[in-house]
Amino acid sequence: MIPPYRVYLFDVDGTLLDSASDICGAVREALGAEGVFDLDEAYLRSFVGFHLFDLFEEVLPNNTRQQNEALLARYRKIYLNRKHRTTRIYDGVPEMLTALGGLKSTATTKSSDTARAILTQFGLVSHFNHVQGTDGFPSKPEPNVITKSLELFGVRPEECLMIGDAAPDMEAGRRAGVKTCGVAWGYGDHDAMRSHAPDYWVSHPKELVS
Numbered sequence: 001m002i003p004p005y006r007v008y009l010f011d012v013d014g015t016l017l018d019s020a021s022d023i024c025g026a027v028r029e030a031l032g033a034e035g036v037f038d039l040d041e042a043y044l045r046s047f048v049g050f051h052l053f054d055l056f057e058e059v060l061p062n063n064t065r066q067q068n069e070a071l072l073a074r075y076r077k078i079y080l081n082r083k084h085r086t087t088r089i090y091d092g093v094p095e096m097l098t099a100l101g102g103l104k105s106t107a108t109t110k111s112s113d114t115a116r117a118i119l120t121q122f123g124l125v126s127h128f129n130h131v132q133g134t135d136g137f138p139s140k141p142e143p144n145v146i147t148k149s150l151e152l153f154g155v156r157p158e159e160c161l162m163i164g165d166a167a168p169d170m171e172a173g174r175r176a177g178v179k180t181c182g183v184a185w186g187y188g189d190h191d192a193m194r195s196h197a198p199d200y201w202v203s204h205p206k207e208l209v210s
């Protein structure tokens, strides 16, 4: 059983929302304009939760940072224009958020504005005391997106639980000094996640509620 925490920080993609189809579709379209086609779906999904620069640098190794910045901007425009039409909420997430006590925030590689918009669209934003995205600072596995919420709430790291579906979530939590919980229903490699020794592991959202 997971004890109660003062603060819960949630990754979004692969943890609260099954959004891979929209993300991968937008990535395919953006990369197609660069002449990159036929990327395997499982390969693309493996990058969900990572900064897209990691993917761009792998498939377009000769690109400059400026070119990747332009590619990222194109991806974001395509992604937003899709209006999350194939995204869905994971079963049990609304009930879990309703039942879970404490303060809640997000810790996502999306920008704060994008995260807030998508949580609003899916009726989840009212469950959160704060929405924190990656806004001009290093993305996970760097801990910045976590420490921003800790500073806002004025809590100690050990009073916080980071919940996510991928290795960068677990590593960011470790670097921030918070407790970590891996979820089994997202896109992350389970062995890679377990190598970061999460404090807890759950197979359904209801298991987060004490």
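Heads up, the final residue of the sequence shown is numbered 210 in full-length UniProt numbering, and it's a clean run with no missing numbers. Even glycine gets a Cβ: it sits at the ideal position worked out from N, Cα and C.
Euclidean distance between Cα positions of S126 and K140
25 Å
Give me the Cα-Cα distance between F37 and G49, rounded to the nearest whole angstrom.
21 Å
Could you please give the first and the last residue of the uninterrupted beta strand (DSSP E) stretch that includes K104?
103 to 106
By the 10 Å Cβ neighbour count, where 16 or more other Cβ atoms means buried, how is N149 classified, buried or exposed?
Per the sequence presented here, residue 149 reads as Ser, with Asn not at that position. By the 10 Å Cβ count, S149 comes out buried.
Can you tell me where the alpha helix (DSSP H) with residue 211 in it begins and where it stops?
This structure cannot settle anything about residue 211, because the visible part of the chain is limited to 1 through 210.
With a floor of 4 residues, list each alpha helix (DSSP H) that falls wholly inside the segment 124 to 203, ordered by position along the chain.
144 to 153, 167 to 176, 190 to 194
So the candidates are H204, A30, I146; which of them puts its Cα closest to the Cα of P157?
I146
Tell me, which residues are paired with R76 by DSSP?
In DSSP, R76 forms no bridge with anything.
Under a three-way DSSP split, which group does R88 fall into?
strand
Does the contact criterion of 3 or more C-beta pairs under 8 Å hold for the segment 67 to 74 versus the segment 84 to 99?
no
Could you please give the first and the last residue of the uninterrupted alpha helix (DSSP H) stretch that includes R45?
41 to 45
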